[in-house]
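Taken in order, these protein sequences are the chains called R and Y. The numbering of the first sequence is numbering that gives the first Met the number 0, which starts it at 0 and goes up by one. The numbering of the second sequence is numbering that gives the first Met the number 0, which starts it at 0 and goes up by one. C-beta: ideal position from N, C-alpha, C; glycine also. Computed from a prediction, not measured in an experiment: that's the story for all the values here.
Protein chains: 2
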Amino acid sequence: MATIQDVAKAAGVSVATVSRVLNNSGLVQEETRETVMEAIRALNYQPNLLGRNLRRMETRMILVLLPNISNPFYSRIVKGIEDVAHKNGYNIMLCNTDSDKMRERIYLELLKKRLSDGIILMASELSREELLELGKNYPVVQCCEYREDVEITHVSIDNYSAAKKAVNHLIGQGHKRIAMISCKNNFLSTVQREAGYKKVLEESGIEFDPDLLAYGDYGYKSGLRTAKQFLSMQDKPTAIFAISDMMAIGAIKAVRQAGLKIPEDIAVVGFDNINFASMCEPELTTVSQPKYDIGCYTMEFLIRQIKGESKSSQAIFLEHELIIRASTVK
Amino acid sequence: MATIQDVAKAAGVSVATVSRVLNNSGLVQEETRETVMEAIRALNYQPNLLGRNLRRMETRMILVLLPNISNPFYSRIVKGIEDVAHKNGYNIMLCNTDSDKMRERIYLELLKKRLSDGIILMASELSREELLELGKNYPVVQCCEYREDVEITHVSIDNYSAAKKAVNHLIGQGHKRIAMISCKNNFLSTVQREAGYKKVLEESGIEFDPDLLAYGDYGYKSGLRTAKQFLSMQDKPTAIFAISDMMAIGAIKAVRQAGLKIPEDIAVVGFDNINFASMCEPELTTVSQPKYDIGCYTMEFLIRQIKGESKSSQAIFLEHELIIRASTVK
DNA sequence: TTGTATGCGTTATCAC
DNA sequence: GTGATAACGCATACAA
């Protein structure tokens with residue numbers, strides 16, 4: 000494997016000159032430049048980034064931690080992150096955390112040991128203390144899920160008003176018994192979505208019924224399970240609001256298995272607008288997040304941090320939209 | 000940021016000793032060891048992998064190229080790859096190629112420039128020449144999709160017999176007009192699945208009808224489109240065999256939109272057994288690949304190559320299974 | 001059991 | 001415009 004030394008020798012110049020050619024830094028005569036390029040080709044030389052990275056003390060790699068790559072919600076976001084990264088000469092390392100704090104920590108090691116220049120956290124399980132410590136020492140941006148009690152830039156939507164919009168839509172369709180499938184976690188998005196749900200009920204003069212609030216884990220099966228629970232009640236709900244499309248799709252399955260019709264007997268609203276939301280039967284009414292843009296902004300803020308351009312943390316909220324489909328209106 | 004030098008100074012030992020403690024290589028007295036550990040903690044020292052990597056000339060990183068992380072088929076495979084990698088002290092870098100040769104090449108650069116110790120290709124678009132060149136110089140394993148005209152280890156299933164099994168199942172259900180949704184690419188899996196389909200028809204004395212062979216791109220929409228095409232024919236097929244679950248799910252949608260019943264009017268078979276196959280309505284009959292195991296084997300063979308243990312390339316075929324669900328039998 | 005010294009491949013500072 | 005050379009942080013051969 001040829002090194003820069005070999006190229007220098009072959010071209011009859013110093014390594015400094017070769018380096019200058021490689022990085023088009025500094026001046027170098029056109030003629031010598033070509034001699035060097037010639038040598039590079041002849042030796043099939045590839046600069047060794049291990050050397051460069053050590054010298055420059057940077058890797059131009061970005062860690063992206065997400066719970067699970069198979070969650071379709073994340074794929075568009077990742078695309079946005081990736082596009083902006085590449086445009087700026089960075090590469091990303093996608094890391095599955097499985098929502099496991101230990102796994103997350105393994106990846107943080109890579110950052111702390113300088114194998115990456117910055118990190119994006121998508122739904123971190125880290126404690127406030129760990130996050131604070133991290134944010135103090137390294138470039139970090141929180142994407143979608145975030146803690147607001149740490150000074151770390153985050154990019155997301157306003158989950159409170161998104162939930163309000165979804166539930167208000169159901170109210171507008173005449174529903175009075177509206178169930179919610181939430182998740183038992185401490186994510187702010189969850190808290191806010193529940194708060195939005197309760198707020199609309201209150202505004203509509205409907206008393207909140209704890210029996211109509213169940214908990215899943217964002218996944219299909221948990222939606223199926225909790226919806227079955229609702230359907231077994233004496234006083235069934237006439238609408239279900241789930242905080243993820245996957246759970247909503249599970250709920251749809253449960254309703255259909257029970258021989259009920261959507262939306263006539265029971266209406267269903269999801270959250271995220273994943274691709275499958277428009278593939279299922281009936282198509283799912285859901286809250287659409289600007290996933291690609293969320294990814295773009297996230298990466299842009301991270302790069303700004305890496306460059307040392309931004310000092311204070313920022314809170315970015317992008318627009319969302321309620322997509323009305325056949326699962327709520329005939 | 001503390002370096003090994005700082006630790007050595009603080010502990011009153013040489014850097015060599017600190018290094019020995021860090022890697023538990025060589026002998027070091029328990030007492031000094033503890034002094035060093037003390038200093039490490041006090042300075043909150045993190046070894047800089049950039050230095051180590053350069054010195055060792057390895058990164059313990061593995062590139063994993065796949066067309067698209069949002070394809071649910073790959074997520075289980077990646078899990079297998081990841082688990083084996085971690086068990087062996089490697090980390091993986093997931094890379095979206097978007098089935099774009101140029102993007103693929105960008106990632107190959109990372110390998111050639113030594114930022115990764117090896118690479119796994121999931122559905123590479125590279126030419127035979129490029130692949131040959133790559134395999135000659137770096138540790139490479141092909142996963143699922145592969146070219147057999149290059150000497151590079153690959154792990155997959157026997158797509159020919161899998162397709163035969165699927166179509167035979169339809170024949171067994173009494174179908175005679177069986178359409179196929181394939182893809183226009185040069186993947187061996189595609190060729191073999193088409194060959195299996197035609198072989199079964201031949202064995203069953205059914206003449207192959209070119210009108211019943213349409214092409215998609217593995218995605219939902221293309222399944223919807225091609226199925227609609229079939230449904231508009233005078234002499235409609237009574238069954239559809241798609242080479243991906245996503246296309247099969249699209250086909251199901253088309254059939255239902257046309258007001259026809261599954262499986263009574265038209266039966267549908269998919270391929271891959273992704274999670275959604277059991278979530279859609281009706282649940283999808285499909286060919287199940289041992290995704291997790293495919294990932295494990297792939298990574299194991301790659302590690303063997305990196306260690307220099309294996310010389311010749313190998314062809315690994317794992318067992319598949321036909322999962323029969325409501326989309327083909329009542 | 002520990003320390004000294006060298007080099008991994010590169011970039012960047014300085015002198016010419 | 002170009003060349004010598006000193007780092008970057010670490011692991012290791014060799015000496016002690």
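Check                                                                                                                                                                                     : Outcome
Look up Y:M179 in the DSSP assignment and give the residues it is bridged to.                                                                                                             : Y:L212, Y:F240
Whose C-alpha, out of R:V328, R:G294, R:R324, is nearest the C-alpha of R:V140?                                                                                                           : R:G294
From Y:K164 to Y:G171, what distance separates their C-alpha atoms?                                                                                                                       : 10 Å
Among the residues of its own chain, which have a CB less than 7 Å from the CB of Y:I68, if the five just before and after it don't count?                                                : L93, N95
Going straight from the alpha carbon of R:T58 to that of R:S231, what length do you get?                                                                                                  : 56 Å
Note down, in chain order, each residue of its chain lying with its Cβ closer than 6 Å to the Cβ of Y:G195, except the 5 sequence neighbours on either side.                              : Y159, A162, K163
Compare the C-beta of Y:L64 against all C-beta atoms of chain R and say whether one is closer than 8 Å.                                                                                   : no
Check whether the Cβ atoms of Y:R75 and Y:Y291 lie closer than 8 Å to each other.                                                                                                         : yes
Which of helix, strand or coil does DSSP assign to R:F316?                                                                                                                                : strand
For Y:F275, would you say it is in contact with chain R, using Cβ-to-Cβ distances shorter than 8 Å as the test?                                                                           : yes
Per the contact definition of three or more C-beta pairs closer than 8 Å, is the segment 270 to 281 of chain R in contact with the segment 306 to 314 of chain R?                         : no
What did DSSP end up calling Y:L64 once you bin it into helix, strand or coil?                                                                                                            : strand
Using a beta-carbon distance cut-off of less than 9 Å, what residues from the segment 16 to 36 of chain Y approach chain R?                                                               : none
If we count Cβ pairs, one from each stretch, closer than 8 Å, do we get three or more for the segment 43 to 57 of chain R versus the segment 71 to 87 of chain R?                         : no
Express the C-alpha separation of Y:I3 and R:G222 in angstroms, rounding to a whole number.                                                                                               : 52 Å
Cβ closer than 7 Å: which chain Y residues qualify as neighbours of R:N272?                                                                                                               : None at all; the shortest Cβ gap to chain Y is about 14 Å.
Using 8 Å as the threshold, is the C-beta distance between R:L169 and R:F275 below it?                                                                                                    : no
Can you look up R:M101 in the DSSP assignment and give me helix, strand or coil?                                                                                                          : helix
Is R:S231 near the ligand ZN, going by C-beta to nearest heavy atom under 7 Å?                                                                                                            : Among the components of this structure there are no ligands whatsoever, and the ligand ZN is therefore not found.
Sort out for me which residues DSSP pairs R:C94 with in a bridge.                                                                                                                         : R:L64
Can you tell me where the alpha helix (DSSP H) holding Y:T225 begins and where it ends?                                                                                                   : 219 to 230
Report the neighbours of Y:N90 on chain R: residues whose CB is nearer than 9 Å to its CB, in chain order.                                                                                : M92, C94, I105, Y106, L109, L114
If you pair each beta-carbon of the segment 140 to 158 of chain Y with each one of the segment 109 to 125 of chain Y, do three or more pairs fall below 8 Å?                              : yes
Got a sec, what are the start and stop residues for the alpha helix (DSSP H) R:T31 sits in?                                                                                               : 29 to 42
Under three-state DSSP, which class holds Y:C279?                                                                                                                                         : coil
Closest to R:M60 by C-alpha separation, out of R:S115, R:P236, R:S188, would be which residue?                                                                                            : R:S115
Would you mind reading off the limits of the alpha helix (DSSP H) that contains R:C295?                                                                                                   : 290 to 305
So if I threshold CB-CB distances at 7 Å, which residues from the segment 122 to 149 of chain R count as touching chain Y?                                                                : none
Determine whether the Cβ of R:S326 lies closer than 8 Å to any Cβ atom of chain Y.                                                                                                        : no
Residues of chain Y with CB closer than 7 Å to the CB of R:Q45, please, in chain order.                                                                                                   : K111, K112
Taking just the CA atoms, how far does R:T16 sit from Y:G249?                                                                                                                             : 58 Å
For the structure I just gave you, are there three or more beta carbon pairs, one from the segment 209 to 228 of chain R and one from the segment 174 to 190 of chain R, closer than 8 Å? : yes
Could you tell me which chain Y residues have their CB closer than 9 Å to the CB of R:R40, listed as they occur along the chain?                                                          : Correct list: empty, because the minimum Cβ distance to chain Y is about 14 Å.
Please list, in chain order, the residues of the segment 68 to 87 of chain Y that have any C-beta partner in chain R closer than 9 Å.                                                     : I68, S69, N70, P71, Y73, S74, R75, V77, K78, E81, H85
Do you know offhand how far Y:P209's Cα is from R:P236's?                                                                                                                                 : 51 Å
Return the first residue and the last residue of the beta strand (DSSP E) that Y:S287 is part of.                                                                                         : 284 to 287
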